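Colleague:
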Amino acid sequence: MSERIAILGWGSLLWDGRPDFDNWHGPWQFDGPVLKIEFSRISSSRLGALTLVLDPMNGSDNQVAYCQSLRSDLSEAVEDLRIREGTSLANIGYIHRDGRTRSRDDGSGSIINAWAVTRAFDAVVWTNLQSNFTQKTGKPFSISAAAEHIRSISEDGRRATLEYVAKAPDFIDTPFRRYCATS
1 MSERIAILGW
11 GSLLWDGRPD
21 FDNWHGPWQF
31 DGPVLKIEFS
41 RISSSRLGAL
51 TLVLDPMNGS
61 DNQVAYCQSL
71 RSDLSEAVED
81 LRIREGTSLA
91 NIGYIHRDGR
101 TRSRDDGSGS
111 IINAWAVTRA
121 FDAVVWTNLQ
131 SNFTQKTGKP
141 FSISAAAEHI
151 RSISEDGRRA
161 TLEYVAKAPD
171 FIDTPFRRYC
181 ATS
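Structural data, given as structure tokens:
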């Protein structure tokens, strides 16, 4: 059975083009669900840069983007995103109208599910990474702790953070992004 599947995006999915992934979805739309997002993940693949993740504790409400997958099977759409993100299946979230779900927090999952119903999507997939800031630094996430982290990493890591923040879609508005814009 053919299903309508949405892919949610708020960070590098929108600006770091990868044809193997991008050829399997339609254009990005900018009226997705409102989710709590922050630059609160320390990325090992980006030299310790801070990257955007769903963060129900520290995130700010942001309306994220979505596109329609050209896949008609949830497992294929999940696998496309897993490969694109270079991660495990556990780090790809999804909801399906039949009740199947994988989400790190119930609040985000409920918001995504309600949005999917209003848009008549059968399923939605998203990058389900979580903040690892406290685990990596030993400190709870805050703007001052994030600034301290940036000062503690290599020059290349600082550049990677500033590039990631600058390239984040214009609709992303978080305290950390505002800090970077004024510092």
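Just so we're aligned: 58 in full-length UniProt numbering is position 58 of the sequence shown, and the numbers increase by one with no gaps anywhere. Quick reminder that beta carbons are idealized off the backbone N, C-alpha and C, glycines included. These numbers come from a predicted model, not from an experiment.
1. Taking the alpha-carbon of Ser152 as reference, which of Gln63, Ser72, Gly48 and Tyr164 has the nearest alpha-carbon?
2. How big is the Cα-Cα spacing for Asp173 and Ile37?
3. Between Asp55, Arg4, Ser44 and Ala146, which has its C-alpha nearest Trp10's C-alpha?
4. Taking contact to mean at least 3 C-beta pairs separated by less than 8 Å, is the stretch 72 to 92 in contact with the stretch 117 to 127?
5. Just how far apart, CA to CA, sit Val165 and Phe171?
6. What's the C-alpha gap between Leu70 and Glu148?
7. Less than 8 Å between the beta carbons of Leu52 and Glu3, yes or no?
8. To which residues of the same chain is Ile111 closer than 8 Å at the C-beta, ignoring the five residues directly before and after it?
9. Can you round the beta-carbon distance between Ala6 and Arg159 to whole angstroms, since I take them to be within the 8 Å contact cut?
10. Excluding the five sequence neighbours on either side, which residues of its own chain have a C-beta within less than 6 Å of the C-beta of Asp105, listed in chain order?
11. Suppose you measure from the CA of Leu129 to the CA of Pro169; what does that come to, to the nearest Å?
12. Quick check: what's the CA-CA separation for Arg102 versus Asp20?
13. From what residue to what residue does the beta strand (DSSP E) around Gly9 run?
14. From Cys67, Ser45, Gly93 and Tyr66, pick the residue whose C-alpha is nearest to that of Thr161; which is it?
15. Using CA atoms only, rank isn't needed, just tell me which of Phe121, Asn23 and Thr87 is closest to Ile95.
16. Starting from Ser108, trace the alpha helix (DSSP H) in both directions and tell me its first and last residue.
17. Thinking Ser12 and Pro175 are a contact (beta carbons under 8 Å), I'd like their distance in whole angstroms, please.
18. Is Ala141 near Ser43, with beta carbons less than 8 Å apart?
19. Could you spell out the range, first to last residue, of the alpha helix (DSSP H) harbouring Thr161?
Modeller: The structure says:
1. Gly48
2. If you draw a straight line from the Cα of Asp173 to the Cα of Ile37, it is about 9 Å long.
3. Asp55
4. yes
5. 12 Å
6. 42 Å
7. no
8. Pro33, Val34 and Leu35
9. Not a contact, Cβ separation roughly 33 Å.
10. Pro56
11. 18 Å
12. Distance between Arg102 and Asp20, taken at the CA atoms: about 24 Å.
13. Ile5 to Gly9
14. Ser45
15. Phe121
16. The continuous alpha helix (DSSP H) containing Ser108 extends over residues Asp106 to Thr118.
17. Between Pro175 and Ser12 the Cβ distance is about 20 Å, and since that is not below 8 Å, they are no contact.
18. With the sequence shown as reference, residue 141 is identified as Phe, and Ala is not the correct amino acid for it. Not in contact: Phe141 and Ser43 (Cβ atoms no closer than 8 Å).
19. Glu155 to Lys167
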